[in-house]
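> Next up is a structure, given as structure tokens.
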Amino acid sequence: MTFLKRKNPILRTRLPTLPPAARSRVALGLTAAAALGRFELQQCRECGMVQYPPREACQSCLSVNLIWKVQKPDGELLAQTVLHHSNDLFFRERLPWRLGLVKLDCGPTVVAHLHAAVEQRVRVRAMLDRAGQAVIAALPSKESSAMADDRQLREFTCDPKQRKVLVTDGKTGLGQALVKALAKAGADIVWVGHTEPWKKFPGFDELKNLPQVTLLPLDLTDSKNVREAAAEIAGKVDILVNNAEYHRSFGIGNRQGVETARAEMDVNYFGLLRLAQEFGPAMRSRGADGKASAVAWVNLLSIYAHANFPPHGTFSASKAAAHSLAQCLRAEMRPAGVRVVNVFPGPIDDEWNQLLPPPKLAPDTLARGILGALRDGVEDVYPGDVAQEWLARWRDNPKALERELSA
Amino acid sequence: MVLAAPVTVPYVRYSIRAAHWWLARAFSELLKASNLKKEEIDGLTVSSFTLAPDTAIGLTQHLGLSPRWLDHIPLGGASGVVALRRAARAVQAGDAQVVACIAGDTNHVDSFRLTLANFSQFARDAVYPYGAGGPNASFAFLTAYYMQKHGATREDFGKLCVAQRANALRFDGALFKKPLTLEEYLAARPIAEPLHLFDCVMPCAGAEAFLVMSEERAGRLKLPYVRLLGTIERHNAFASDPVQMRAGWALERDELYQQAGAGPQDMDFVETYDDYPVISLMQLEDLGFCAKGEGPAFVRNHSFTWDGSFPLNTSGGQLSVGQAGAAGGFLGLVEAIRQLSGQAAGRAVRNAKLGLVSGFGMINYDRGLGSGAAILQKSE
Numbered sequence: 002m003t004f005l006k007r008k009n010p011i012l013r014t015r016l017p018t019l020p021p022a023a024r025s026r027v028a029l030g031l032t033a034a035a036a037l038g039r040f041e042l043q044q045c046r047e048c049g050m051v052q053y054p055p056r057e058a059c060q061s062c063l064s065v066n067l068i069w070k071v072q073k074p075d076g077e078l079l080a081q082t083v084l085h086h087s088n089d090l091f092f093r094e095r096l097p098w099r100l101g102l103v104k105l106d107c108g109p110t111v112v113a114h115l116h117a118a119v120e121q122r123v124r125v126r127a128m129l130d131r132a133g134q135a136v137i138a139a140l141p142s143k144e145s146s147a148m149a150d151d152r153q154l155r156e157f158t159c160d161p162k163q164r165k166v167l168v169t170d171g172k173t174g175l176g177q178a179l180v181k182a183l184a185k186a187g188a189d190i191v192w193v194g195h196t197e198p199w200k201k202f203p204g205f206d207e208l209k210n211l212p213q214v215t216l217l218p219l220d221l222t223d224s225k226n227v228r229e230a231a232a233e234i235a236g237k238v239d240i241l242v243n244n245a246e247y248h249r250s251f252g253i254g255n256r257q258g259v260e261t262a263r264a265e266m267d268v269n270y271f272g273l274l275r276l277a278q279e280f281g282p283a284m285r286s287r288g289a290d291g292k293a294s295a296v297a298w299v300n301l302l303s304i305y306a307h308a309n310f311p312p313h314g315t316f317s318a319s320k321a322a323a324h325s326l327a328q329c330l331r332a333e334m335r336p337a338g339v340r341v342v343n344v345f346p347g348p349i350d351d352e353w354n355q356l357l358p359p360p361k362l363a364p365d366t367l368a369r370g371i372l373g374a375l376r377d378g379v380e381d382v383y384p385g386d387v388a389q390e391w392l393a394r395w396r397d398n399p400k401a402l403e404r405e406l407s408a
Numbered sequence: 050m051v052l053a054a055p056v057t058v059p060y061v062r063y064s065i066r067a068a069h070w071w072l073a074r075a076f077s078e079l080l081k082a083s084n085l086k087k088e089e090i091d092g093l094t095v096s097s098f099t100l101a102p103d104t105a106i107g108l109t110q111h112l113g114l115s116p117r118w119l120d121h122i123p124l125g126g127a128s129g130v131v132a133l134r135r136a137a138r139a140v141q142a143g144d145a146q147v148v149a150c151i152a153g154d155t156n157h158v159d160s161f162r163l164t165l166a167n168f169s170q171f172a173r174d175a176v177y178p179y180g181a182g183g184p185n186a187s188f189a190f191l192t193a194y195y196m197q198k199h200g201a202t203r204e205d206f207g208k209l210c211v212a213q214r215a216n217a218l219r220f221d222g223a224l225f226k227k228p229l230t231l232e233e234y235l236a237a238r239p240i241a242e243p244l245h246l247f248d249c250v251m252p253c254a255g256a257e258a259f260l261v262m263s264e265e266r267a268g269r270l271k272l273p274y275v276r277l278l279g280t281i282e283r284h285n286a287f288a289s290d291p292v293q294m295r296a297g298w299a300l301e302r303d304e305l306y307q308q309a310g311a312g313p314q315d316m317d318f319v320e321t322y323d324d325y326p327v328i329s330l331m332q333l334e335d336l337g338f339c340a341k342g343e344g345p346a347f348v349r350n351h352s353f354t355w356d357g358s359f360p361l362n363t364s365g366g367q368l369s370v371g372q373a374g375a376a377g378g379f380l381g382l383v384e385a386i387r388q389l390s391g392q393a394a395g396r397a398v399r400n401a402k403l404g405l406v407s408g409f410g411m412i413n414y415d416r417g418l419g420s421g422a423a424i425l426q427k428s429e
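See the structure below:
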């Protein structure tokens, strides 16, 4: 195994800087698409013109009837430059920096961050930069496994390779799939939280035998325990994956009392709050800590965070609360360049969704989706068919979805 | 219509003054040069990047002026030619009798970065977040593309820069006072490849100005003056070209030469807008001094010094004088007035009767949008 050379701990840790974040409102269309991993450009509904940079009107027919539409990402590299000087602190600290001028097959010419291995034909991607705003990156037209190692690309992605990761719950099927996938992806260390250290859970030995894994007693309902865990490792965590959740079925009428709902809130909402308070400040301070700095915080939410699913009504409410808090966390982590990735799966194929009909999301598939999001620089992840369908319905008409879910 | 009273307020690298100070100095120098009273100048154009939050109208109160004709011309490197065109029409139409065209900018230690970050909506959305290289990055693309398409070499661009430095050594107002050799040019540190240090203008503070009036009025004032024979402007030309290799001059040059009754072969010197040398080549091609793509051969055939075979940017251009913001768009015009009115001592182009001045401005996104040109004639 190779390790990145880490910073001399005696030296001052460099404070995080961000690339320029100001955008016009209309340009945030690129950010909205990039957050989901899509490459969309503005297109005129009247004449079909694809245009960039974003405008308030069609430059061809002056219609204001414009939409953001997925475009083919292929193009030709017209010219390239290597910056040895920048007027901005973020780039100044990262010079030299490669840029390209790319003529897209769909029409416009774009300025793009340029991957070191590009040839004349390129494929562009809209990615979120450390400021959380979309930028266009031009990558080799053929994907390769070494592609992700590009120095500039790593400034946009949160690839777990050579990074230290905390997975808050190793007991669940998803937790175990995540830990294995992270180890396989080249993470240096994976701390794996488990709530009841006196009990061996199924799969415990298999995880324990992975050379990257260190087990860590961690109960998100216990403030003192979270604080102790943070005191031990928060200053080293590059990626935090909060997959711990408490999930029971039923809505309001089928259960007496608030104990179950309170337990859901205690893990799903207050658990996130405790983690954020204890781990957030340390990760924020390490946003520019050498080549393997703190980069990402992943929250396992639910598609039900967007619209309540009455058969799992209190669970939905706890995830909606967590989603709202995650938006707050995202805003607070952004100045450090640490990305908050929210994952909105449909029902996971686990014991708590036993009565739901398929399709259900296999933990392996979900784990792959989360790693893909880290690698691709995406911040909102809707893995699997159910989540994708709900996302489409929600974006199309939230009120219709509310009625459909309560049918 | 004629131009008179060429004024340069000596440039400095950094200034603690505001743009208003530089514009005030330019205006008062115009009065000194013309012996006119403030009230006798009844028209005003103002060009400046750093005047915000003020515009031309605010400047009238700041300087106690009461013009009957006023224009704010925020077109960067095209400001000079465009201001001249507006002023000449105003005088021709009788809206004003004497128009002061002034341009100036200050340069604080951090003002260039702030100008870049908010230069335009497209720059803020689609260029500045990409390395914040400013115009260096945009012109690096154009230069790289031009080199690969037309076979230009660094030596070609270097030849222009070295010749302009030789010219600048004979202009008191130039900030660069050291001779430059091709070896030094080639050995300079890279800024945005293929651009190196001496390919890039240096931002500074300064101001330029001139007066526009009728020939009859200039005669009465006994001012040395030059005639305006023809002038054109064209903006956002060839918008669908994937990368800028030509601009508005290519569309309007026939009109320009027709107005002037002269052709490119008749020009005794040329002042291009030269924030980067590749743009000078583009102007020489588009204005018909050589065919498109033949810029490199043209460079190899000429010497470009004030006393050479094709005098170009005879005061040193922005590359050797400095780029005082919008005043950079006036530099060539002011120098052309000096050349054609006997005020270019020490670098006067021999027997110069006709000069061409071209302007180019506003890298809004990936290219310069504004272009313009004027042909000026000696008065006898």
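Protein chains in written order, with the numbering used here: chain A, 2 to 408; chain B, 50 to 429.
Positions of the beta carbon are idealized from the N, C-alpha and C atoms, including for glycine.
Note that this is a predicted model, so its numbers are computed, not measured.
(1) Measuring only the C-alpha atoms, how far is residue 15 of chain A from residue 164 of chain A?
(2) Report yes or no: do three or more beta-carbon pairs, one from the region 235-245 of chain B and one from the region 376-396 of chain B, lie closer than 8 Å?
(3) Assign residue 25 of chain B to buried or exposed, taking buried as 16 or more other Cβ atoms, counted over all protein chains shown, within 10 Å of its Cβ.
(4) I need the DSSP call for residue 348 of chain B, collapsed to helix, strand or coil.
(5) Is any beta-carbon of chain A found at less than 8 Å from that of residue 176 of chain B?
(6) By how many angstroms is the C-alpha of residue 221 of chain A removed from the C-alpha of residue 2 of chain A?
(7) Strictly by DSSP, which residues pair up with residue 122 of chain A?
(8) Are there 16 or more other CB atoms within 10 angstroms of the CB of residue 416 of chain B, so buried, or fewer, so exposed?
(9) Please state whether the Cβ-Cβ distance between residue 51 of chain B and residue 327 of chain B is less than 8 Å.
(10) Quick one: residues in its chain with C-beta nearer than 8 Å to the C-beta of residue 406 of chain A, no 5 flanking neighbours on either side, listed in chain order?
(11) Smallest Cα separation from residue 344 of chain A: which of A:30, A:20, A:36, A:12?
(12) In chain B, which residues lie less than 7 Å from residue 92 of chain A when you measure between Cβ atoms?
(13) Could you pull the start and end residues of the alpha helix (DSSP H) that residue 327 of chain B belongs to?
(14) Please list, in chain order, all residues of the same chain as residue 366 of chain A whose beta carbon is under 8 Å from its beta carbon, the five residues on each side excluded.
(15) Which partner residues does residue 218 of chain A have in the DSSP bridge list?
(16) Does residue 2 of chain A have its Cβ less than 8 Å from a Cβ in chain B?
(17) For chain A, find out if any of its Cβ atoms is closer than 8 Å to the Cβ of residue 240 of chain B; answer yes or no.
(18) Should residue 166 of chain A and residue 240 of chain A be called a contact, given that it needs their Cβ atoms to be closer than 8 Å?
(19) Assuming contact is defined by CB atoms lying nearer than 8 Å, are residue 158 of chain B and residue 60 of chain B in contact in what I supplied?
(20) Tell me which residues share the same chain as residue 354 of chain A and place their Cβ nearer than 7 Å to its Cβ, disregarding the 5 neighbours each side in the sequence.
(21) Which two residues bound the contiguous alpha helix (DSSP H) that contains residue 160 of chain B?
(22) Rounded to a whole number of angstroms, what is the C-alpha to C-alpha distance between residue 81 of chain B and residue 139 of chain B?
(23) In chain order, what residues of the same chain have a beta carbon less than 6 Å from the beta carbon of residue 178 of chain A, not counting five sequence neighbours either side?
(24) Measuring straight from C-alpha to C-alpha, what distance separates residue 161 of chain B and residue 258 of chain B?
(25) Nearest-angstrom Cα distance between residue 207 of chain B and residue 141 of chain B?
(26) Taking its Cβ as the centre, do 16 or more other Cβ atoms sit within 10 Å of residue 372 of chain B, making it buried, or is it exposed?
(27) Which residue wins for smallest C-alpha separation from residue 463 of chain B, given the options A:100, A:169, A:146?
(28) Does DSSP put residue 262 of chain B in a helix, in a strand, or in coil?
(29) Can you tell me whether residue 244 of chain A is buried or exposed, with buried defined as 16 or more other CB within 10 angstroms of its CB?
(30) Helix, strand or coil, according to DSSP, for residue 2 of chain A in the structure here?
(31) Closer than 8 Å by beta-carbon distance: list the chain A residues that pair up with residue 415 of chain B, in chain order.
(32) Answer with yes or no whether the minimum CB distance from residue 327 of chain B to chain A is below 8 Å.
(33) May I have a chain-ordered list of the beta strand (DSSP E) segments no shorter than 3 residues that lie completely inside the region 116-188 of chain B?
(34) Going along chain B in order, which residues have a C-beta closer than 7 Å to the C-beta of residue 98 of chain A?
(35) By alpha-carbon positions, which one of B:105, B:57, B:128, B:67 ends up nearest to residue 421 of chain B?
(36) Output the distance between the C-alpha atoms of residue 402 of chain A and residue 408 of chain A, rounded to the nearest integer angstrom.
According to the structure data:
(1) 18 Å
(2) no
(3) A query on residue 25 of chain B cannot be resolved here, the shown segment of chain B reaching from 50 to 429 and no further.
(4) helix
(5) yes
(6) Confidence at residue 2 of chain A is low in this model, with a pLDDT of 45, below 50, so the placement of that residue is unreliable and no value is reported for it.
(7) A:77
(8) buried
(9) no
(10) 308, 309, 310, 311
(11) A:36
(12) 180, 181
(13) 326-335
(14) 384, 385
(15) A:195
(16) Unreliable positioning characterises residue 2 of chain A in this predicted model, as indicated by a pLDDT of 45, which lies under 50. A coordinate reading is not provided.
(17) yes
(18) yes
(19) no
(20) 348, 361
(21) 160-166
(22) 23 Å
(23) 364, 365, 368
(24) 22 Å
(25) 42 Å
(26) buried
(27) Nothing about residue 463 of chain B can be reported from this structure: the residues present for chain B run from 50 to 429 only.
(28) strand
(29) buried
(30) Residue confidence is low: residue 2 of chain A scores 45 on pLDDT, short of 50, so the model does not pin down where it sits. Its coordinate-derived value is still stated next. Here residue 2 of chain A sits in coil by DSSP.
(31) 102, 110, 112
(32) no
(33) 118-121, 147-154
(34) 180
(35) B:128
(36) 10 Å
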